[in-house]
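Novice: Below is the structure I would like to discuss, written out as structure tokens.
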Amino acid sequence: MAELYGERGEVPEPEFCESWTARTFSMARSAFETVSKSAEQDTRKAITGDDFTYITYVRDPEMGPVGVVHIKSAEVSTPDSEEVLCAVAEGVQEFVMSHHRVTWPVCSEHGRGLHVGYVHETPVWTCTGGTTDGHVVKAIDPAVQL
Numbered sequence: 095m096a097e098l099y100g101e102r103g104e105v106p107e108p109e110f111c112e113s114w115t116a117r118t119f120s121m122a123r124s125a126f127e128t129v130s131k132s133a134e135q136d137t138r139k140a141i142t143g144d145d146f147t148y149i150t151y152v153r154d155p156e157m158g159p160v161g162v163v164h165i166k167s168a169e170v171s172t173p174d175s176e177e178v179l180c181a182v183a184e185g186v187q188e189f190v191m192s193h194h195r196v197t198w199p200v201c202s203e204h205g206r207g208l209h210v211g212y213v214h215e216t217p218v219w220t221c222t223g224g225t226t227d228g229h230v231v232k233a234i235d236p237a238v239q240l
């Protein structure tokens, strides 16, 4: 919010809410590009399909000017880039499993499907195999080195 306020200054609530949602929608689209590319490389399956709504932006009449961004069934309700990336990763993961019947991503060590998590505020894929606490397999964004 502080970043948006820094860019725009004080604005009327409806305009602020619209900017907030538009920013979240833009971040979700960017995160989708990153995550879908990774999924396609790993699975050799296209991240497309008529039954997959990539990213939707709907305005709830009861919530006034606030819109809601969805990726598959995951709601993206924050303009925080790390949280947006995690929500999008879960949405793409859900699509790969429901549309292609493929578990993605998978821990090469344990053969288990991975879960979204954070390490020092970095979105990561984690495995529950092995130690009691599990382990981090890789960053969700392949460009990020852990």
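Per my numbering, the very first residue in the sequence shown carries number 95; after that it's consecutive. The beta carbon of each residue, even a glycine, is placed where N, CA and C say it ideally should be.
Output needed for C221: all residues of its chain with C-beta closer than 6 Å, excluding positions within five of it in sequence on either side, in chain order.
Specialist: Hits under 6 Å: C201, H204, R206, L208, G228, H229, V231.
Novice: Compute the beta-carbon to beta-carbon distance between F126 and V196, rounded to the nearest angstrom, for a pair I have assumed lies under 8 Å.
Specialist: Contact doesn't hold; Cβ gap of about 18 Å is too wide.
Novice: Could you spell out the range, first to last residue, of the alpha helix (DSSP H) harbouring W114?
Specialist: 107 to 137 is the extent of the alpha helix (DSSP H) around W114.
Novice: When we look at the beta-carbon of G185 and count the other beta-carbons within 10 Å, is it buried (16 or more) or exposed?
Specialist: When all chains shown are included, G185 counts as buried.
Novice: Enumerate, from N- to C-terminal direction, the unbroken alpha helix (DSSP H) stretches of 4 or more residues contained entirely within the stretch 166 to 202.
Specialist: Complete alpha helix (DSSP H) runs here, min 4: 175 to 194.
Novice: Quick test of your reading: S132 and P236, contact by CB under 8 Å. State the CB separation rounded to the nearest angstrom.
Specialist: With 8 Å as the limit, S132 and P236 qualify as a contact, their Cβ atoms being about 5 Å apart.
Novice: Identify the residues that DSSP records as bridge partners of G207: which are they?
Specialist: G207 is bridged to V200.
Novice: Pop quiz: S130 and I141 are said to be a contact at Cβ under 8 Å. What is the actual Cβ separation, rounded to whole angstroms?
Specialist: Their Cβ separation, rounded to whole angstroms, is 4 Å, which keeps S130 and I141 in contact under 8 Å.
Novice: Since T137 contacts V190 with CB under 8 Å, what's their CB separation in whole angstroms?
Specialist: The pair is a contact, with the Cβ atoms about 6 Å apart (cut-off 8 Å).
Novice: Does T118 pass the burial test, meaning 16 or more other C-beta atoms within 10 Å, or should it be called exposed?
Specialist: Counting Cβ neighbours within 10 Å, T118 comes out buried, since at least 16 surround it.
Novice: Within 10 angstroms of the Cβ of L240, are there 16 or more other Cβ atoms? Answer buried if so, exposed if not.
Specialist: By the neighbour-count rule (16 or more Cβ atoms within 10 Å), L240 is not buried but exposed.
Novice: How many Å lie between W114 and S120 at the Cα?
Specialist: Answer to the nearest angstrom: the Cα atoms are 10 Å apart.
Novice: The beta strand (DSSP E) spanning H229 covers which residue range?
Specialist: Note, H229: beta strand (DSSP E), 229 to 233.
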